[in-house]
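In the working numbering, the protein residues as written are 65 to 332. From the three backbone atoms N, C-alpha and C, an ideal C-beta is built for every residue, glycine too. Okay, so here's the structure we're looking at.
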């Protein structure tokens with residue numbers, strides 16, 4: 065099986081939505097695999113469906129070779145979709161299942177197709193239902209959903225947190241999601257109201273930590289709205305009042321350890 069070595073030339077902040085990310089330039093140490101090599105890899109996956117490494121290698125090849133127009137290669141798009149659906153159904157706990165190589169855009173992006181996106185979205189929601197106590201599945205589902213289906217991502221986190229109220233990681237990720245919604249365009253009022261009504265110190269502390277950091281990354285310290293920083297301080301103060309003995313919440317960067325790693329899933 066051919067192995068590829070890729071050197072990334074340009075990196076982009078993981079907090080930028082996928083649909084808005086520029087294409088990353090790459091250098092290859094060897095020519096791109098020939099159609100026959102790709103066909104051989106496809107045959108290998110067909111004969112060894114549980115070879116996740118080979119299947120993800122194929123998905124990365126498909127992404128690297130994506131046509132400029134989504135409708136140019138509908139047959140390749142369909143084959144790619146089947147691989148993604150298989151991965152989500154059989155390995156929803158694997159971080160690679162929620163990687164960029166396994167993402168299907170709704171309207172703008174490589175192989176974008178609304179019906180395909182909905183199919184994968186539904187598969188992730190089914191995975192969450194089938195693995196209700198698996199945090200890895202929940203995290204991966206949210207990683208997929210938060211890109212273009214933030215309301216679904218929020219509901220998944222809420223249900224998981226209701227089932228496991230003491231789960232600090234889930235609560236922190238919910239706070240992080242609210243922060244992203246506030247800095248977006250469609251769910252600002254909703255997320256603000258949710259945080260104003262919340263009494264979950266973890267959610268509040270995570271949102272209070274994430275808001276200023278995301279705001280600075282998105283627009284720079286001199287561009288970010290001062291109201292964002294004021295609201296973040298308010299959230300952090302409420303969190304500290306609610307949990308005066310919690311070392312994580314009382315620390316300088318509350319709970320960032322719970323969501324910093326999870327937001328790097330936009331890569332491969």
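{"Item": "Contacting residues, own chain, Cβ-Cβ under 6 Å from residue 195 (five flanking each side not counted)", "Value": "201"}
{"Item": "Distance between beta carbons of residue 162 and residue 208, contact taken as under 8 Å", "Value": "5 Å"}
{"Item": "Where residue 89 sits in the DSSP three-state scheme", "Value": "Annotation note: pLDDT 42 at residue 89 (below 50); position unreliable, coordinate value reported separately. Correct three-state label for residue 89: coil."}
{"Item": "Where the alpha helix (DSSP H) containing residue 196 begins and where it ends", "Value": "No alpha helix (DSSP H) contains residue 196, which DSSP labels as neither H nor E."}
{"Item": "Cβ neighbours of residue 206 in the same chain (closer than 7 Å, five flanking residues each side left out)", "Value": "217, 220, 221 and 237"}
{"Item": "Cutoff 8 Å; reference residue 215; Cβ partners in own chain excluding five residues on either side", "Value": "251"}
{"Item": "Beta-carbon proximity of residue 266 to residue 276, cut-off 9 Å", "Value": "no"}
{"Item": "Own chain residues within Cβ distance below 7 Å of residue 304, not counting five before or after", "Value": "313 and 314"}
{"Item": "First through last residue of the alpha helix (DSSP H) which encompasses residue 99", "Value": "99-111"}
{"Item": "Opening and closing residue of the alpha helix (DSSP H) in which residue 128 lies", "Value": "116-128"}
{"Item": "Distance, residue 159 Cα to residue 328 Cα", "Value": "For residue 328, the predicted model reports a pLDDT of 40, less than 50, meaning its position is unreliable; a value from the coordinates is still stated below. Straight-line Cα distance between these residues: approximately 10 Å."}
{"Item": "Nearest-angstrom beta carbon gap, residue 272 and residue 229 [assumed within contact, 8 Å]", "Value": "Rounded, the Cβ-Cβ distance is 20 Å, inconsistent with contact."}
{"Item": "Rounded C-alpha distance that separates residue 144 from residue 192", "Value": "22 Å"}
{"Item": "Residues of its chain near residue 178, where Cβ-Cβ distance is below 7 Å and the 5 sequence neighbours each way are ignored", "Value": "170 and 171"}
{"Item": "Length of the line joining the Cα atoms of residue 114 and residue 189", "Value": "22 Å"}
{"Item": "Assigned exposure category for residue 148 - 16 Cβ within 10 Å defines buried", "Value": "buried"}
{"Item": "Helix, strand or coil at residue 336 according to DSSP, with G and I counted as helix", "Value": "Coverage of the chain is limited to positions 65 through 332, which leaves residue 336 absent and any answer about it impossible."}
{"Item": "For residue 225 and residue 235, the rounded distance between their alpha carbons", "Value": "7 Å"}
{"Item": "Residue 233 - containing alpha helix (DSSP H), residue span", "Value": "232-246"}
{"Item": "Residue 211, buried or exposed, once every other Cβ within 10 Å from all chains shown has been counted against 16", "Value": "buried"}
{"Item": "Distance, residue 282 Cα to residue 142 Cα", "Value": "35 Å"}
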